[in-house]
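Asker:
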Amino acid sequence: MELLIVLLIGIFYSAGIFLILRRSMVKLLLGLLLLGNGANLLIFLMGGLTKGKPPIIKEDYKHFIDAYADPVPQALILTAIVISFALTAFAIILLKKVYQTTGSDDLDTLNIQDLDI
Amino acid sequence: MMTNFILAPILVHMLTAIILLFFWGKVQAQKIISIVGNILAFILCIRLFNVTQTHDFLVLQLGGWKAPFGITFVSDSLSSVMVLLTAIVSLAVGVYSTTALNVSRIKFGYFFIFHFLIMGLLGAFLTGDIFNLYVWFEVVIISSFVLLTLGGKKMQMEGAIKYVTMNMLASTVFLTAIGILYGITGTLNMADLALKINSMENKGLVSVTALLFFAGFGIKSAVFPLYFWLPSSYHTPPSAIAAIFGGLLTKMGIYSMIRVFTLIFQPDDFIQKVFIGIAIMTMITGALGSINKRSVRRLISYLIVCHIGYLIAGIGLHTEIAFVGVIFYLIHDVIVKSNLLMITGVIQKIRETIDMQRLGGLYMDYPKLSLIFAIAMFSLVGIPPLSGFWPKIQFFGEALKTENYVLLVTIILASFVTLFVIARMWSEVFWKPSPKPLTDEIDRFAQLSILSKFALIAPITFLSLVSLYIGFGAESIYEISQKTAHELMNPQLYINAVLK
Numbered sequence: 006m007e008l009l010i011v012l013l014i015g016i017f018y019s020a021g022i023f024l025i026l027r028r029s030m031v032k033l034l035l036g037l038l039l040l041g042n043g044a045n046l047l048i049f050l051m052g053g054l055t056k057g058k059p060p061i062i063k064e065d066y067k068h069f070i071d072a073y074a075d076p077v078p079q080a081l082i083l084t085a086i087v088i089s090f091a092l093t094a095f096a097i098i099l100l101k102k103v104y105q106t107t108g109s110d111d112l113d114t115l116n117i118q119d120l121d122i
Numbered sequence: 369m370m371t372n373f374i375l376a377p378i379l380v381h382m383l384t385a386i387i388l389l390f391f392w393g394k395v396q397a398q399k400i401i402s403i404v405g406n407i408l409a410f411i412l413c414i415r416l417f418n419v420t421q422t423h424d425f426l427v428l429q430l431g432g433w434k435a436p437f438g439i440t441f442v443s444d445s446l447s448s449v450m451v452l453l454t455a456i457v458s459l460a461v462g463v464y465s466t467t468a469l470n471v472s473r474i475k476f477g478y479f480f481i482f483h484f485l486i487m488g489l490l491g492a493f494l495t496g497d498i499f500n501l502y503v504w505f506e507v508v509i510i511s512s513f514v515l516l517t518l519g520g521k522k523m524q525m526e527g528a529i530k531y532v533t534m535n536m537l538a539s540t541v542f543l544t545a546i547g548i549l550y551g552i553t554g555t556l557n558m559a560d561l562a563l564k565i566n567s568m569e570n571k572g573l574v575s576v577t578a579l580l581f582f583a584g585f586g587i588k589s590a591v592f593p594l595y596f597w598l599p600s601s602y603h604t605p606p607s608a609i610a611a612i613f614g615g616l617l618t619k620m621g622i623y624s625m626i627r628v629f630t631l632i633f634q635p636d637d638f639i640q641k642v643f644i645g646i647a648i649m650t651m652i653t654g655a656l657g658s659i660n661k662r663s664v665r666r667l668i669s670y671l672i673v674c675h676i677g678y679l680i681a682g683i684g685l686h687t688e689i690a691f692v693g694v695i696f697y698l699i700h701d702v703i704v705k706s707n708l709l710m711i712t713g714v715i716q717k718i719r720e721t722i723d724m725q726r727l728g729g730l731y732m733d734y735p736k737l738s739l740i741f742a743i744a745m746f747s748l749v750g751i752p753p754l755s756g757f758w759p760k761i762q763f764f765g766e767a768l769k770t771e772n773y774v775l776l777v778t779i780i781l782a783s784f785v786t787l788f789v790i791a792r793m794w795s796e797v798f799w800k801p802s803p804k805p806l807t808d809e810i811d812r813f814a815q816l817s818i819l820s821k822f823a824l825i826a827p828i829t830f831l832s833l834v835s836l837y838i839g840f841g842a843e844s845i846y847e848i849s850q851k852t853a854h855e856l857m858n859p860q861l862y863i864n865a866v867l868k
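So the protein sequences, as listed, match chains B and H. If you're matching positions, the first sequence starts at 6 in the working numbering and goes up one per residue. If you're matching positions, the second sequence starts at 369 in the working numbering and goes up one per residue.
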């Protein structure tokens, strides 16, 4: 299971970086999304994968007596997902607006004003 | 003692932002509410600063959860200095933007976002939890995205693409680093992390994580290979927004870097070398980039990059005296960079351009204003006894003592280029005769009412006076820097205060 997730994280990161390096703005956005998902999976993996052991104490116990699933990584991922949702929503609107004003999906066309010093 | 008021400045900005929502579209009311909010937060920040300086560490365990489990807010010397700087700059820019920004931007919620941005900055400076730091970072960057694109000009959009991409990438790198850090230590509290990292055996993994943090914060603070988004986006928004960005946003990256690399990771030889090498390259590229720029705003953008190099070099040297220099330079830099960017706004109002070839004769027309501007410009250069001079002595001394001669030469070179560039800007903008005859239509500044002129000039004067105080009252600033550097070099003090 761990190995599968590790491979998945690797694919997410490499695909994300590959897409960021492309010239199309839509691919840039997709690349950022994949990278974000890769990071979320990484947190999930680093927290330790535990199957079927919820972090809930039985009423008559005072301590955990068994290895349990760590709830913190899931809380972190949830926060990160919410944040990336907002960022993505903003980025999509921004790209749409840039497309409307420049009429091009190519990032290289944005560099014209950099030439003027 | 009561430590709840650590949160007070954050809450004031949040409440101001929420109240502003109810006055959507009412420009006058928004201006007044924003100024009141800023003044209130300013007073609270001064109080927080004073209490922290006398009581050393203020720790607030949010919700009563004990330290490694809940979210901790800590106000130590470094945090309180940053909070005070944020308060000074946000007050100045808040007043300045009431006149400098056009009405349509204010109608589309400029002040609302502005207060959220400042709230995020204060939160980032005060938190003692690494994931919480990430969340505050996100609050800041999403506010900055909106501020950068507010107005929707084509140039702004193009700058924003680079800015948004690089910042989202930096956040992902930061998040990855947090994920690995949590995996190897099982905690997120910075003080607890410091304890656990130091007892780790697998030093290789720790170094990799440290460098991931360096990359994440490096993008935010615009260090050498990752700086290019800054000069291609900071000149696009209006000057008030650029002032906040140039003064505080890059310094948030530096703050996090100082915090992480003094408390959690103790840099070994390799990491120190990386820091110093990158600092040298940052100074050189920033300095060379600024030489041939004609637009004043672009020139200052490159100077921001160049001067980030000093701070990185100080962190890389990693001695107590170097940190005295870093803190002193940080105090000086935040004030003077915000001031310079606000000044470009006034120049643009007077002459309708910030292109140096088309500017000139400002000293003839506005001698008193030029004097105030000159204080800010020459503070940046660091002509003794103005404020930029004092921290550089520390950098020179430490570079010499640790035998980093390349670094020493680079610092001197970067200072020299700064002097050259600012002197050229002074002679081009202020002394050279104006290239074209002035008509009354161009000078929008002269047409403003007395109150509007005051709102533009008072913040600049205020920051210039602060700069003068940093220069002439260097002893008190030096004492604060020394105390901060002492706390940074003895992380045990921080750990004890949080985990007691």
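For glycine and all other residues, C-beta sits at the position ideal for the given N, C-alpha and C.
1) Could you pull out every residue in the same chain whose Cβ sits closer than 8 angstroms to the Cβ of H:Val774, ignoring the five residues on either side in sequence?
2) Compare the Cα-Cα distances from H:Leu412 to each of H:Leu737, H:Phe390, H:Phe373 and report the closest residue.
3) Taking Cβ positions only, does H:Val591 come closer than 8 angstroms to chain B?
4) Can you round the beta-carbon distance between H:Ile632 and H:Ile565 to whole angstroms, since I take them to be within the 8 angstroms contact cut?
5) At 9 angstroms on the CB atoms, spell out the chain H contacts of B:Pro78, in chain order.
6) Looking at the unbroken alpha helix (DSSP H) that takes in H:Thr517, where does it start and where does it end?
7) Report yes or no: is there a C-beta of chain H within less than 8 angstroms of the C-beta of B:Gly41?
8) If you measure beta-carbon to beta-carbon, which residues of the stretch 86–97 of chain B are closer than 7 angstroms to chain H?
9) What in chain H is Cβ-close to B:Met51, meaning under 9 angstroms?
10) Buried or exposed: H:Glu526, going by 16 or more other Cβ atoms within 10 Å of its Cβ?
11) Starting from B:Gln105 and walking both ways along the alpha helix (DSSP H), at which residues does that stretch end?
12) Could you tell me whether the Cβ of B:Thr55 comes closer than 8 angstroms to any Cβ of chain H?
13) Quick one: what's got a C-beta closer than 6 angstroms to H:Met651's C-beta in the same chain, skipping five residues either side?
14) Taking Cβ-Cβ distances below 7 angstroms as the criterion, which residues of the stretch 502–522 of chain H are in contact with chain B?
15) List in chain order: all unbroken alpha helix (DSSP H) runs of 4+ residues lying wholly within the stretch 542–566 of chain H.
16) Beta-carbon within less than 8 angstroms of H:Ser601's beta-carbon, same chain only, minus the 5 sequence neighbours each way: which residues are those?
17) Do you know offhand how far B:Ile88's Cα is from H:Ile509's?
18) Enumerate in chain order the residues of its own chain whose CB-to-CB distance from B:Gly41 is below 6 angstroms, with the five nearest sequence positions on each side excluded.
19) Which class does H:Gln396 belong to by DSSP, given the choice of helix, strand or coil?
20) Output, in chain order, the set of chain H residues within a Cβ distance shorter than 7 angstroms of B:Ala44.
21) Near B:Val11, what residues of its chain come up, given a Cβ to Cβ distance below 8 angstroms and the 5 sequence neighbours on each side ignored?
22) Can you pull the DSSP bridge partners for H:Val442?
23) Determine the closest residue to H:Leu709 out of H:Ile659, H:Ile400, H:Leu667, with distance taken between C-alpha atoms.
24) H:Gly432: buried (16+ other C-beta within 10 angstroms of its C-beta) or exposed?
25) Please decide whether B:Lys32 counts as near chain H, where near means a Cβ-Cβ distance under 8 angstroms.
Answerer: Looking at the coordinates:
1) When the five nearest sequence neighbours on each side are left out, the beta carbons in the same chain lying within less than 8 angstroms of the beta carbon of H:Val774 are those of Ile648, in order along the chain.
2) Looking at the Cα atoms, H:Phe373 is the closest of the given residues.
3) Using beta-carbon distances, H:Val591 does not count as an interface residue toward chain B, since no partner is under 8 angstroms.
4) 6 angstroms between Cβ atoms; contact.
5) Neighbours of B:Pro78 on chain H, chain order: Gly547, Tyr550, Gly551.
6) 498–517 is the extent of the alpha helix (DSSP H) around H:Thr517.
7) At least one chain H Cβ lies under 8 angstroms of B:Gly41.
8) Taking 7 angstroms as the Cβ-Cβ cut-off, the stretch 86–97 of chain B approaches chain H at Ile88, Ala91, Leu92, Phe95, Ala96, given in chain order.
9) Taking a Cβ-Cβ threshold of 9 angstroms, the residues of chain H close to B:Met51 are Gly547, Ile548, Leu549, Tyr550, Gly551, Ile552, in chain order.
10) Classification of H:Glu526: buried, given that the 10 Å Cβ count is 16 or more.
11) Start and end: 76–107.
12) False, the Cβ-Cβ gap to chain H never drops below 8 angstroms.
13) Here the set comprises Cys674, Gly677, Thr778, Ala782.
14) Residues of the stretch 502–522 of chain H with a C-beta atom less than 7 angstroms from some C-beta of chain B are Val503, Glu506, Ile510, Phe513, Thr517, Gly520, Lys522, listed in chain order.
15) Counting whole runs of 4 or more residues, the stretch 542–566 of chain H contains the alpha helix (DSSP H) stretches 558–566.
16) Cβ within range, chain order: Leu516, Gly527, Ala528, Lys530, Tyr531.
17) Straight-line Cα distance between these residues: approximately 11 angstroms.
18) Cβ within range, chain order: Ser89.
19) Of the three classes helix, strand and coil, the one that applies to H:Gln396 here is helix, per DSSP.
20) In chain order: Thr540, Leu543, Thr544, Gly547.
21) So the qualifying residues of the chain are Leu50.
22) Beta-bridge partners of H:Val442 (DSSP): H:Val427.
23) Measuring from the Cα of H:Leu709, the nearest candidate turns out to be H:Leu667.
24) So H:Gly432 counts as exposed.
25) No - not a single Cβ of chain H is within 8 angstroms of the one on B:Lys32.
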